Amino acid sequence: MRVLGIYNIKGGVGKTAAAVNIGHLAAADGLRTLIWDLDPQGAATFYLRVKPKVRGSKRMLLGKRDLSDVLKGTDYPHLDLLPADFSYRNMDLLFGGTKKPTTRLRRLLRPLAAQYDLVVLDCPPSISLVSENIFRAVDALLLPTIPTPLSLRTLEQLLDFMAGHDLGSPVLTFYSMVDRRKQLHQDVVASPVDARCGVLSTTIPYASEVERMGLERRPVTAFAACSMAGRSYQALWTELKSQVAGLQPGAVFDSPY
Amino acid sequence: MNSASPSDSFLLPDDVDVERLIELFGGPGCCCQGHSADFSLCYFDSFDWRLNSAGLRLLQVTSDGSAVLRLQSADGEQVVEPLQSVAEPAWPADLPDSDLRLRVSSLLEMRVLLPLARVQIESIGLALLNEDAKTVVRLQLLSLLCDSPDRESIALGPRLRLIPVRGYTAESQRAADFLANEMVWPKVPPCLFEEALTAVDRAPGDYSSKLKVALRPKQTALEAQREILRALSLTIERNIPGTRADLDSEFLHDLRVAIRRTRSALTQIKLVLPEPVVKEYQQRFARLGQVTGPTRDLDVFLLELPGLRAALPPAMAADLDALEVHVRKAQRSEQRRLKRRLGSPATGAMVQAWRELLDAPRLPGEPGALSSLPVAQLASQQIWRMYKRVRKAGRAIQPDSPAEALHQLRKDCKKLRYLIEFFRDIYPAKPLKRMLRPLKDLLDCLGQFQDRELQAEWLEGLSAELDRSDPQGRRSLMATGALVAHLLRDQHLARERFAERFARFDAADSHVLYRRLFRDRGA
């Protein structure tokens, strides 16, 4: 099982859209995939038409309730969701009161290893105890970055934090919400990025299809696979497979027998 | 109320199509069509159903260029992780390294996997939706066509399969209850195995190398002997195509055993069949048996070669490569000869004539003097007679007895075993099993004694043909010499074991059983 965290300190950078589309493409490739919507806003849960409610969420986060009991299948074969719950806003406090508070999430995910090939964490925007838990749980961290100087500065802040806390997970970034009409975006995309971070060559355009996910309540890759945005997510997933080990297409396909 | 589970499959009436299903589930807002897919499915097992005997099903499902091998229990549950494998499985050892290979090869040993039934499946996906238009139950409408080698494809009934969505089991249960209780559609098993086999006129376990004859104690000896011979003739006929095609070594093995048993049934069940029939077919089957000998000897050697290699010093094991190449070549050549002989019009006519004779209402010639005896009486007399013969001959064996005496004893032991197995049905099973164990162990010991001797002799003869002019040839020669020494040592060990094995066969409690079962009933 591989764990991929879609993360950024900033909000509104396209994390949830990336998590949902990547999760959808991974499942379509035959990987048994789980998206965990860690953001109490529950946007990924909404996109996948699931109710943002986890019964006994506190007990679950404390490891007293099996994660398997609260998983939901989605509209897509091989793609499951661990829904968001409003109580996740207190996750920091909850983890803070436990032993080994920074590895709580990693330990919670461990029993799912036999059921899933890939877990995609849709992370809330912040840099907190939950974030540190995420850094310690993932095999790779994927950062959608809007091509602006401020976003690059945030990226550096994160990399400094990770270096300071001895967090060695590989960090990959890709440019998100890229507006080709803006010279600034073009310049930032062309400029070099902090060497501590891998940069994927795929960019995700600022596109109305991505916004339409909220209306359609489906991944772009499901309702507009051939659109510019749909093709971009497909290219991102292809590139990700070449960069992160263990994401090769699964052996299992849906057959009636 | 019919009980239904959330992952049941239901047989559909012929007039139910996708539109009708959508309508039944509440219309387009509640049920929508998903994507369609075509699958091809094939079940595999060995000719003698080794996987089925272990309660397992091996199937390969192919779709759109991908293929997956699944090992399932009889009720369709996954037993090990599925294996991605596009090539049609044949030899278990050639499967990709996996738990599935381990499991299958340990059960199949030297047998090859053969396709049993192929089914073409068209699947149309459907989804039941909740108020958020979210899929809460998946359905598959399946149309199934079973390929038949000698006639048109056979349609299996169309069916609807429920696939619960995680976290929405209650919705699946409601759908299952609706189909079972309101539509009253019959449930079908989750596994297609038996249905697909029935469609191609097969049944699980329809072949076994074990002789199965349902005899009744009061049946006449003649009827019983004909039934035994008929069952054996069927085994012979069923194994000839696989032997000719050299699918695996066990077709020939089973063919040879059936021929030997036929000869034994002809000669050891005395004074029942008309004498001319016995004489004619005893000779014919003896000739057929001889034809099959050389290939089987080479097969046995090749099957045992990995074990023999392991018995040599590691540095020498690789020097047997040249010998193996030589034996494989010889096996291919003998196999070709065997294929010709078994496929000849003369063999075909003989097998057919034999079956026709056994099926005919009356046999040509006068039946033997004991033909009307109840089979239980005749069988008991003849088994008791053969038992006494084996006991006498075995007791006479001394450490310095010639090898020929042990070979003769082996033949008699086989006759005794076959006689007991022919008439197994008319005796109580438990004591028979207790008696057969020491007899089989004794036979194994005598078999090892004789086989090792023959193999050593054969290898000595073969060593003359190995090229001594180059270093490789000389190394092969030395390795062959070491192998001969190992075989003779093995033979010696078998001889040492003989006394103990025979003593178990000849034990007082065993004798009591023989006397009670056979002498007393034969009187």
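So the sequence lines, in the order shown, correspond to chains A and B.
Take the first sequence: its position 107, counting from 1, is numbered 107 in our numbering, and each next residue is one higher.
Numbers given in our numbering equal positions in the second sequence, counted from 1, plus 257.
Don't be surprised by glycine CBs; every beta carbon is placed ideally from N, CA and C.
None of the values given here were measured: they were computed from a predicted structure.
Where residue i sits in the DSSP three-state scheme
i	result
Ala19 (chain A)	helix
Gln248 (chain A)	coil
Arg518 (chain B)	helix
Glu132 (chain A)	helix
Met643 (chain B)	helix
Gly5 (chain A)	strand
Ser380 (chain B)	strand
Cys287 (chain B)	coil
Gln609 (chain B)	helix
Asp727 (chain B)	coil
Lys72 (chain A)	strand
Gln341 (chain B)	strand
Ala225 (chain A)	coil
Val445 (chain B)	strand
Cys702 (chain B)	helix
Thr98 (chain A)	coil
Pro256 (chain A)	coil
Cut-off 6 Å between Cβ atoms - residues of its own chain near residue i, not counting five sequence neighbours on either side
i	result
Gly5 (chain A)	Leu121, Cys123, Ile134, Val138, Leu141
Ala574 (chain B)	Arg566
Leu436 (chain B)	Phe267, Trp442
Val130 (chain A)	Met91, Asp92
Val535 (chain B)	Leu523
Ile683 (chain B)	Leu472, Pro474, Ala633
Val318 (chain B)	Phe296, Leu298, Val325
Pro339 (chain B)	Val325, Arg327
Buried or exposed (CB count within 10 angstroms, at least 16 for buried), residue i
i	result
Arg49 (chain A)	buried
Gly11 (chain A)	exposed
His185 (chain A)	buried
Val769 (chain B)	exposed
Ala502 (chain B)	exposed
Glu132 (chain A)	buried
Cys735 (chain B)	Here residue 735 (chain B) turns out to be Met, not Cys, going by the sequence shown. Result: exposed.
Ser601 (chain B)	exposed
Sequence-distant residues of the same chain with beta carbon closer than 8 Å to residue i, five excluded per side
i	result
Pro461 (chain B)	Trp306, Asn309, Phe450, Glu451, Leu454
Val422 (chain B)	Thr392, Val393, Val394, Arg395, Glu428, Ser429
Arg368 (chain B)	Ser303, Phe304, Asp305, Arg307, Asp505, Glu507
Ser68 (chain A)	Pro111, Leu112, Gln115
Ala350 (chain B)	Arg358, Ser362
Pro531 (chain B)	Leu620, Pro621, Gly622, Glu623, Pro624, Gly625
Pro695 (chain B)	Arg758, Arg761, Phe762, Ala764, Ser767
Ser57 (chain A)	Val70, Asp85, Ser87, Tyr88
Gln748 (chain B)	Gln705, Phe706, Arg709, Glu710, Ala713
Leu723 (chain B)	Ala579, Leu580, His583, Gly730, Ser733, Leu734, Thr737
Close Cβ partners of residue i (< 7 Å) along its chain, the five nearest in sequence each way excluded
i	result
His24 (chain A)	Tyr76, Leu79, Pro219, Thr221, Ala222
Glu239 (chain A)	Leu200, Ser201, Thr202
Arg752 (chain B)	Phe706
Leu509 (chain B)	Thr500, Thr549, Thr552, Arg553, Asp556
Val178 (chain A)	Pro147, His185, Val189, Thr203, Ile204, Pro205, Tyr206
Arg104 (chain A)	Phe95, Thr98, Asn133
His292 (chain B)	Gly382
Glu591 (chain B)	Pro551, Thr552, Leu555
Given a limit of 8 Å on CB to CB distance, which residues of the stretch 64 to 75 of chain A reach chain B? With the criterion set as a beta carbon lying under 8 Å from some beta carbon of chain B, the members of the stretch 64 to 75 of chain A are Val70, Leu71, Lys72, Gly73, Thr74, Asp75, in sequence order.
Can we say the stretch 430 to 437 of chain B touches the stretch 401 to 411 of chain B, given the rule of at least three CB pairs closer than 8 Å? No: fewer than three Cβ pairs fall under 8 Å.
Taking three-plus beta-carbon pairs below 8 Å as touching, is the stretch 642 to 650 of chain B in contact with the stretch 658 to 669 of chain B? Yes, the stretch 642 to 650 of chain B is in contact with the stretch 658 to 669 of chain B.
Contact between the stretch 470 to 488 of chain B and the stretch 303 to 318 of chain B: three or more CB pairs below 8 Å? No, the stretch 470 to 488 of chain B does not touch the stretch 303 to 318 of chain B.
Contacting positions in the stretch 416 to 442 of chain B - beta carbon closer than 7 Å to chain A: Per Cβ criterion, the list reads Arg418, Val422, Arg423, Gly424, Tyr425.
Check whether the stretch 613 to 624 of chain B and the stretch 518 to 526 of chain B touch, using three or more Cβ-Cβ pairs below 8 Å as the test. The stretch 613 to 624 of chain B, when compared against the stretch 518 to 526 of chain B, does not touch it at the 8 Å Cβ threshold.
Flag this pair as touching only if the stretch 271 to 284 of chain B and the stretch 339 to 355 of chain B have three or more C-beta atom pairs under 8 Å; answer yes or no. In short, these stretches do not touch, since the Cβ pair count stays below three.
When you check each C-beta in the stretch 84 to 116 of chain A against every C-beta of chain B, which residues fall closer than 9 Å? When C-beta distances to chain B are compared with 9 Å, every residue of the stretch 84 to 116 of chain A stays at or above that value.
In chain order, what residues of the stretch 165 to 195 of chain A put their CB closer than 8 Å to some CB of chain B? Near chain B, meaning a CB-to-CB distance below 8 Å, no residue of the stretch 165 to 195 of chain A qualifies.
Along the stretch 36 to 51 of chain A, where does the CB come closer than 9 Å to a CB of chain B? Name the residues. Those residues of the stretch 36 to 51 of chain A that come within reach of chain B (Cβ to Cβ, closer than 9 Å) are Leu48, Arg49, Val50, Lys51.
Closer than 7 Å between beta carbons: that is the criterion. Which residues of the stretch 292 to 326 of chain B meet it against chain A? Along the stretch 292 to 326 of chain B, the positions whose C-beta sits under 7 Å from a C-beta of chain A are Phe296, Leu298, Leu316, Val318, Ser320, Ser323, Val325, read in chain order.
Check whether the stretch 557 to 572 of chain B touches the stretch 737 to 747 of chain B, taking contact to mean three or more Cβ pairs, one atom from each stretch, closer than 8 Å. In short, these stretches touch, since the Cβ pair count reaches three.
The stretch 393 to 416 of chain B: positions lying closer than 8 Å to chain A by Cβ: Those residues of the stretch 393 to 416 of chain B that come within reach of chain A (Cβ to Cβ, closer than 8 Å) are Arg395, Gln397, Leu399.
Which residues, in chain order, does the stretch 260 to 289 of chain B contribute to contact with chain A at a C-beta distance below 7 Å? Answer set for the stretch 260 to 289 of chain B: empty.
Cβ contact check for the stretch 466 to 475 of chain B and the stretch 574 to 589 of chain B: 3 or more pairs under 8 Å: No, because fewer than three Cβ pairs between the stretch 466 to 475 of chain B and the stretch 574 to 589 of chain B fall closer than 8 Å, the two stretches do not touch.
Residues in the stretch 353 to 372 of chain B with C-beta within 7 Å of chain A's C-beta atoms, listed in sequence order? So the list is empty, because no residue satisfies the distance condition.
Is there contact here, the stretch 37 to 52 of chain A with the stretch 15 to 22 of chain A, by at least three beta-carbon pairs under 8 Å? Result yes; three or more Cβ-Cβ pairs closer than 8 Å.
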